[in-house]
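Last residue of the sequence shown: 1042 in my numbering, with the numbers rising by one and none dropped.
Structure record follows, encoded as structure tokens.
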Amino acid sequence: MSNRTKDVDNLSPQAVVYVVDDDELVTTTLSSYLEMETDYEVHAFHSGIEALNELKKNPPDVVVSDFLMPKMDGLQFLSEVKNMYPDCTRILLTGYADKENAIKAINEVGLYQYIEKPWDNEHLKLLIRNGVSHKQLRCVLEEKIRELDDVLLEKDALAQRNDMLKQELLLAQSVQQSMLPQAFPSSDGFSIVAKYQPALEIGGDFYDVINLADDRLAILIADVTGHGIQAALMTVLLKSAFATFRDQNPRPQDILKYMNQVLCKVLPKGHFVAAMIAIVDLRNSTCTLVNAGVPHPYHLKSRDKTTDRIPANGLLLGIADDKLFNPGEEVSVQLQKGDRLILFTDGITEAENESQEHFENTVLFQTLKKISHKSNHEILEELTQAARNFSTAEHKWDDVTIIGIESN
635 MSNRTKDVDN LSPQAVVYVV DDDELVTTTL SSYLEMETDY EVHAFHSGIE
685 ALNELKKNPP DVVVSDFLMP KMDGLQFLSE VKNMYPDCTR ILLTGYADKE
735 NAIKAINEVG LYQYIEKPWD NEHLKLLIRN GVSHKQLRCV LEEKIRELDD
785 VLLEKDALAQ RNDMLKQELL LAQSVQQSML PQAFPSSDGF SIVAKYQPAL
835 EIGGDFYDVI NLADDRLAIL IADVTGHGIQ AALMTVLLKS AFATFRDQNP
885 RPQDILKYMN QVLCKVLPKG HFVAAMIAIV DLRNSTCTLV NAGVPHPYHL
935 KSRDKTTDRI PANGLLLGIA DDKLFNPGEE VSVQLQKGDR LILFTDGITE
985 AENESQEHFE NTVLFQTLKK ISHKSNHEIL EELTQAARNF STAEHKWDDV
1035 TIIGIESN
């Protein structure tokens, strides 16, 4: 047995993982590895038909299936799993030659992710662990939604349950906070900082950063309609869709198009998501952005001390299907040493004063110009404070998210 400490999932009950592959060596090797390295209950099968019989008796948290199998292939099998257990996390093992078919089937089967053979055991273990957390997180949030819906029908008991609901919201807040990046990828050429302040215990703003191929980073900043648990649940979908592109080589438009596909299937009528993707190329110090409804970002130039607003013209996510959706034009910015990009949601721009004027239309530009020489952290703090000083006491604050990207 490995000398490393087993990964033990903090959530209960014990997570159940199914491994299905017609190659006995694969199932034996993978199930033995997971049993040694994790605390999961692992079941291995050599056919989808055989596994389905057991699945009827023992619900899964994660199902890992091969693509090419006799009688019932991996996509047919995972489609049946989806019908039986929609919340189960589904992972597909595929050879390089089958990659295109796997990508096409992502939406059809609702894959959490696919992984190419041969795989790295540590990477697959991390993927399964994240899949377990993803499934249990969805269950927690959906349960809280059901409980809150029940509370609305129980008006007479509202006061008595108030304290309990507060604790549950704090739990959901903790879950949502765990979805945000705890640290940013390190680079000698760039530094990234972020500030997040939800309007309620649970907000609709979200941001994330992932590593792409070829020394590039992808940054997502998004604003989901509304607040509360439903908005938080949508951020789970955003994170999952965004993570699909980890270590790949997409354009910003590709990421927004895929997110729109996912959201169009699940967003309630009248709900939408504003989002922006910024891809930073660490080799040539450029940043390419596509903006679908988030306020215009700003480029603070160190060399000539100017401040430029970057244009945006994309369509909000979740409103139009693939044929009508326009993610917007890509805008590339060359970042010199000391330059900064400031991205933010409308919690900053729509701060309102006594005359019902918005912060964006009056003092935002001048504020950024005034503080452009300060550190990234100082810019984020002082910009937030300036918006609060500008607004009236009666102004109802929205979620606030700001990201600062600096070329070192």
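The beta carbon of each residue, even a glycine, is placed where N, CA and C say it ideally should be.
(message) To the nearest angstrom, how far is the alpha carbon of ALA649 from that of LEU771?
(response) Taking the first residue of the sequence shown as 1, we reach residue 649 at position 15. Taking the first residue of the sequence shown as 1, we reach residue 771 at position 137. ALA649 and LEU771 have their C-alpha atoms roughly 13 angstroms apart.
(request) Could you tell me whether the region 953-970 touches the region 890-899, where touching means 3 or more Cβ pairs closer than 8 angstroms? (result) Yes: the two stretches touch, three or more of their Cβ pairs being nearer than 8 angstroms.
(message) I need the boundaries of the alpha helix (DSSP H) containing ARG1022, first residue and last residue.
(response) As a first step, residue 1022 is located in the sequence shown; it is residue number 388 there, counting from the start. Unbroken alpha helix (DSSP H) run through ARG1022: 1010-1024.
(message) Between which residues of its own chain and PHE978 is the CB-CB distance below 7 angstroms, once the five residues before and five after are set aside?
(response) Position 344 of the sequence shown, counted from the first residue, corresponds to residue 978. In its chain, beyond the 5 residues on either side, PRO929, THR1035 and ILE1036 have a beta carbon closer than 7 angstroms to the beta carbon of PHE978.
(message) Which residue wins for smallest C-alpha separation from VAL914, given the options LYS957, SER820 and TYR652?
(response) Against the sequence shown, residue 914 aligns to sequence position 280. Per the Cα distances, SER820.
(request) Determine the extent of the alpha helix (DSSP H) in which ASP980 is found, giving its start and end residues. (result) For the purposes of this step, residue 980 is identified with residue 346 of the sequence shown, where counting begins at 1. For ASP980, the enclosing alpha helix (DSSP H) has its first and last residue at 980-983.
(message) I want to know whether the region 658-669 touches the region 703-718 - three or more CB-CB distances under 8 angstroms.
(response) The region 658-669 vs the region 703-718: no contact.
(message) As an exercise, report each continuous beta strand (DSSP E) stretch of at least 3 residues that is fully enclosed by the region 903-981, in chain order.
(response) You should have 907-915, 920-926, 932-934, 941-943, 965-968 and 974-978.
(message) So for ASP842, helix, strand or coil by DSSP?
(response) To locate residue 842, count along the sequence shown from 1; it is residue 208. Correct three-state label for ASP842: strand.
(request) Go ahead and label ASN925 buried or exposed: buried means 16 or more other beta carbons lie within 10 angstroms of its beta carbon, across all protein chains shown. (result) The residue labelled residue 925 in the question sits at position 291 within the sequence shown. Result: buried.
(message) I'd like to know whether the C-beta atoms of SER919 and TYR746 end up nearer to each other than 8 angstroms.
(response) Translated into the one-based positions of the sequence shown, residue 919 becomes position 285. Translated into the one-based positions of the sequence shown, residue 746 becomes position 112. 8 angstroms or more divides the Cβ of SER919 from the Cβ of TYR746.
(message) With a threshold of 8 angstroms between beta-carbons, can VAL997 be considered close to chain B, or not?
(response) Absent here is chain B; the protein component of the structure consists of one chain.
(message) Need the endpoints of the beta strand (DSSP E) that THR663 sits in, please.
(response) Taking the sequence shown and counting its residues from 1, the one referred to as residue 663 is at position 29. Bounds of any beta strand (DSSP E) do not take in THR663; it lies within the alpha helix (DSSP H) bounded by 658-671.
(request) Going by CA-CA distance only, name the one from ASP673, ILE953, LYS829 and ALA833 that's closest to GLU1015. (result) One-based indexing of the sequence shown puts residue 1015 at position 381. For the set ASP673, ILE953, LYS829 and ALA833, the Cα lying nearest the Cα of GLU1015 is the one of LYS829.
(request) Check the C-beta distance from ALA856 over to ALA912 and give it rounded, since I have them as a contact under 8 angstroms. (result) By 1-based counting over the sequence shown, the position of residue 856 is 222. By 1-based counting over the sequence shown, the position of residue 912 is 278. Not really, about 12 angstroms apart at Cβ, beyond 8 angstroms.
(request) Determine, using beta-carbon pairs with one atom in the region 838-854 and one in the region 874-888, whether at least three such pairs fall under 8 angstroms. (result) The region 838-854 vs the region 874-888: in contact.
(message) For the structure I just gave you, are there three or more beta carbon pairs, one from the region 1003-1013 and one from the region 965-977, closer than 8 angstroms?
(response) Yes, the region 1003-1013 is in contact with the region 965-977.
(request) Compare the beta carbon distance of ILE725 and VAL698 with 8 angstroms and say whether it is the shorter of the two. (result) Working through the sequence shown from its first residue, we reach residue 725 at position 91. Working through the sequence shown from its first residue, we reach residue 698 at position 64. Yes, they are a contact pair.
(request) Express the C-alpha separation of ASP700 and GLY744 in angstroms, rounding to a whole number. (result) Within the sequence shown, numbered from 1, the residue matching residue 744 stands at position 110. Within the sequence shown, numbered from 1, the residue matching residue 700 stands at position 66. Rounded to the nearest angstrom, the two C-alpha atoms are 15 angstroms apart.
(request) In angstroms with no decimal places, state the Cα-to-Cα distance between LEU782 and LYS800. (result) Here residue 782 refers to the residue found at position 148 of the sequence shown. Here residue 800 refers to the residue found at position 166 of the sequence shown. Distance between the alpha carbons of LEU782 and LYS800 is about 11 angstroms.
(message) What would DSSP say about GLU991, mapped onto helix, strand or coil?
(response) On the sequence shown, residue 991 is found 357 positions in, with the first residue counted as 1. Per DSSP, reduced to three states, the secondary structure at GLU991 is coil, with no helix or strand assignment.
(message) Just verifying my parser: in three-state terms, what is the DSSP assignment at ASP754?
(response) Here residue 754 refers to the residue found at position 120 when the sequence shown is read from its first residue. In the structure shown, ASP754 sits in coil (DSSP, three-state: anything other than H, G, I, E or B).
(request) Mark THR639 as exposed unless 16 or more other C-beta atoms lie within 10 angstroms of its C-beta, in which case mark it buried. (result) Here the question's residue 639 lines up with position 5 in the sequence shown. Unreliable placement is indicated for THR639, whose pLDDT of 39 sits below 50; no coordinate value is reported for it.
(request) Please classify LEU702: does DSSP put it in a helix, a strand, or coil? (result) Locating residue 702 in the sequence shown gives position 68, counting from the first residue. Three-state DSSP puts LEU702 in coil, outside helix and strand.
(message) Below 8 angstroms on the Cβ atoms is my contact criterion, and I expect PHE999 with THR941 to pass it. Report the Cβ-Cβ distance as a whole number of Å.
(response) Within the sequence shown, numbered from 1, the residue matching residue 999 stands at position 365. Within the sequence shown, numbered from 1, the residue matching residue 941 stands at position 307. That belief holds up - the Cβ atoms of PHE999 and THR941 are roughly 7 angstroms apart, short of 8 angstroms.
(message) I'd like the list of long-range same chain contacts for PHE711, defined as Cβ closer than 6 angstroms, with 5 residues on each side in sequence excluded.
(response) Counting from one through the sequence shown, the residue named residue 711 turns up at place 77. Sequence-distant Cβ neighbours of PHE711 in its own chain, meaning closer than 6 angstroms and more than five residues away, are GLY682 and SER699.
(message) Can you check which of these residues, THR728, ASP695, LYS705 and LEU727, is closest to ASP721 by C-alpha distance?
(response) What you label residue 721 is simply residue 87 of the sequence shown in a count that begins at 1. The residue from THR728, ASP695, LYS705 and LEU727 with its alpha-carbon nearest to that of ASP721 is ASP695.
(message) So if DSSP puts LEU854 in a beta bridge, which residue, or which two residues, is it bridged to?
(response) Against the sequence shown, residue 854 aligns to sequence position 220. LEU854 is bridged by DSSP to ASP842 and ILE911.
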